[in-house]
Every structure is written in C-alpha cells, then in structure tokens.
Amino acid sequence: MGQGRMGGGGAGPGGECVCQACGYREPHQQGQPCNQKKCPKCGQIMTRG
Ligand SMILES: [Zn+2]
Numbered sequence: 001m002g003q004g005r006m007g008g009g010g011a012g013p014g015g016e017c018v019c020q021a022c023g024y025r026e027p028h029q030q031g032q033p034c035n036q037k038k039c040p041k042c043g044q045i046m047t048r049g
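Its first residue numbered 1, the sequence shown is counted upward by one per residue in my numbering.
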C-alpha cells in the first residue's frame with residue numbers, strides 16, 4: 001500500500017468544514033479556509049472536518 005489517495009466520493013474534494021460547537025457542516029470551499037468561516041447557526045469559527 002503506497003498510495004495516499006482515498007477514493008471515496010460523496011463529500012467535496014476539499015472535505016468539509018465543521019462547527020464543533022453545534023455540529024453544523026458544510027462543504028469546504030477552495031480558497032476559503034474553514035477557520036475563517038463562521039457557523040451560520042451559532043457564529044462560532046468552523047474547523048476542518
Ligand atoms: Zn455552530
């Protein structure tokens with residue numbers, strides 16, 4: 001096993017941003033780091049999930 005690629009599909013290519021406060025998730029957008037986004041539900045900074 002020498003491959004680091006996970007062939008999955010489902011979520012976007014960049015993964016998801018997750019709010020650890022309330023559990024809200026949304027697809028990660030390229031060029032927009034999760035930790036610069038705020039959760040629309042509770043206003044907390046989101047992290048990468
Ligand atoms: Zn939240």
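Every residue, glycine too, gets a C-beta built ideally from N, C-alpha and C.
Measuring straight from C-alpha to C-alpha, what distance separates residue i and residue j?
i   : j   : result
G15 : N35 : 13 Å
R25 : G31 : 17 Å
G23 : P40 : 11 Å
What is the residue span of the beta strand (DSSP E) that residue i lies within?
i   : result
P40 : Note, P40: premise wrong, no beta strand (DSSP E); not H, not E.
P33 : Per DSSP, P33 belongs to no beta strand (DSSP E) and is neither H nor E.
Less than 9 Å separating the beta-carbons of residue i and residue j?
i   : j   : result
M46 : Q29 : no
C17 : P27 : yes
TODO: Mind listing which residues have their beta carbon within less than 6 Å of any non-hydrogen atom of ligand 1? Chain order is fine.
DONE: C19, A21, C22, Y24, C39, K41, C42, Q44
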